[in-house]
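A.B. asks: Dropping the structure in here first, questions after.
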Amino acid sequence: KAVAKKTGATAICCDVADGKAVKAAFAQIPDVDILICNAGICHTGLLSQTTEEQWDRLFDVNVKGVFNCTKACMDNMIHNKYGRIINISSMWGNCGASCEVAYSASKGGINAFTKALAKELGPSNIRVNSIAPGAIDTDMNSYLTEDDWKQIIQETPLQKIGYPIDITRCVKWLIEDEFTTGQVISPNGGMVI
């Protein structure tokens, strides 16, 4: 557990795929009213070469992690009649990507989870949305070469890649907004429309 001096934010580390670990982590911060599910891993490869273990780990982190974190704080949100849940997905969860079937399926699962939960929690004044970013310059994409980035830029109508600040602005808007729920917002430079 660590507290950031400038923001006052508390960081607690756990494996989101482990329901008991998530429950213990959230016990340290019992009054959560904004949840941003951002933990995720990727897998690139043909489905024919994807192992069951790789598939399971991807879904355990990407989908079960969202489930575990949501379950850990939603009773408090319902009790308080207030909450914001923002799940970080991917544009590939909207349209799928070749050689990323497992990853695309997990992110599509997050989008379906988001839409269904928004209907369930709306009467409790809890808004649930998903952000499905395009190509963002993050550690998860550090394996991409300079040529890969050039090709992505050429395929993107805005002719550029995104940065974490682009997603941060979207998160901020969804936290402050009073009338958006069940939506999958996809800041992707127009790569997927």
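Counting in the numbering used here, the sequence shown runs from 5 upward without gaps.
Using N, Cα and C, we set each Cβ at its ideal position, and we do this for glycine too.
Please read these numbers as outputs of a predicted model, since none were measured by experiment.
For the beta strand (DSSP E) that Leu39 lies in, which residues bound it at each end?
C.D. replies: That run of the beta strand (DSSP E) goes Ile38 to Cys41.
A.B. asks: Check the DSSP bridge columns for Ile2 and list the partner residues they point to.
C.D. replies: Residue 2 is absent from the structure shown; the chain starts at 5 and stops at 197.
A.B. asks: Tell me which residues share the same chain as Ile157 and place their Cβ nearer than 7 Å to its Cβ, disregarding the 5 neighbours each side in the sequence.
C.D. replies: Gln163, Lys164 and Ile165, listed in sequence order.
A.B. asks: Measure the Cβ-Cβ separation of Tyr107 and Cys41 and say whether it is below 8 Å.
C.D. replies: No, Cβ-Cβ distance for Tyr107 and Cys41 is not below 8 Å.
A.B. asks: Under 7 Å Cβ to Cβ from Cys174, same chain only, skipping five residues before and after it: list those, please.
C.D. replies: If we look at Cys174 and ignore the five residues flanking it on each side, its Cβ neighbours are Ile135, Ile189 and Pro191.
A.B. asks: For a test of the three-state rule: what should DSSP assign to Ile82, helix, strand or coil?
C.D. replies: Three-state DSSP puts Ile82 in a helix.
A.B. asks: Quick one: which unbroken beta strand (DSSP E) runs of 3-plus residues sit fully inside the segment 99-156? Chain order, please.
C.D. replies: You should have 130-135.
A.B. asks: So which of Gly23, Thr55 and His83 has the shortest CA-CA distance to Asp35?
C.D. replies: For Asp35, the nearest C-alpha among the options comes from His83.
A.B. asks: Taking Ser110 and Phe63 to be in contact with their CB atoms under 8 Å, please state how far apart those CB atoms are, rounded to whole angstroms.
C.D. replies: 5 Å between Cβ atoms; contact.
A.B. asks: Note down, in chain order, each residue of its chain lying with its Cβ closer than 6 Å to the Cβ of Gly44, except the 5 sequence neighbours on either side.
C.D. replies: Once the five neighbours on either side are set aside, the close Cβ partners of Gly44 are Asn66.
A.B. asks: Within 10 angstroms of its Cβ, does Pro168 collect 16 or more other Cβ (buried), or is it exposed?
C.D. replies: Its Cβ having fewer than 16 others within 10 Å, Pro168 is exposed.
A.B. asks: Assuming Lys132 and Thr118 are in contact, meaning their beta carbons sit under 8 Å apart, how far apart are those beta carbons, in whole angstroms?
C.D. replies: According to the sequence displayed, residue 132 carries Val and not Lys. Indeed, because the Cβ distance is near 5 Å, the residues count as touching under 8 Å.
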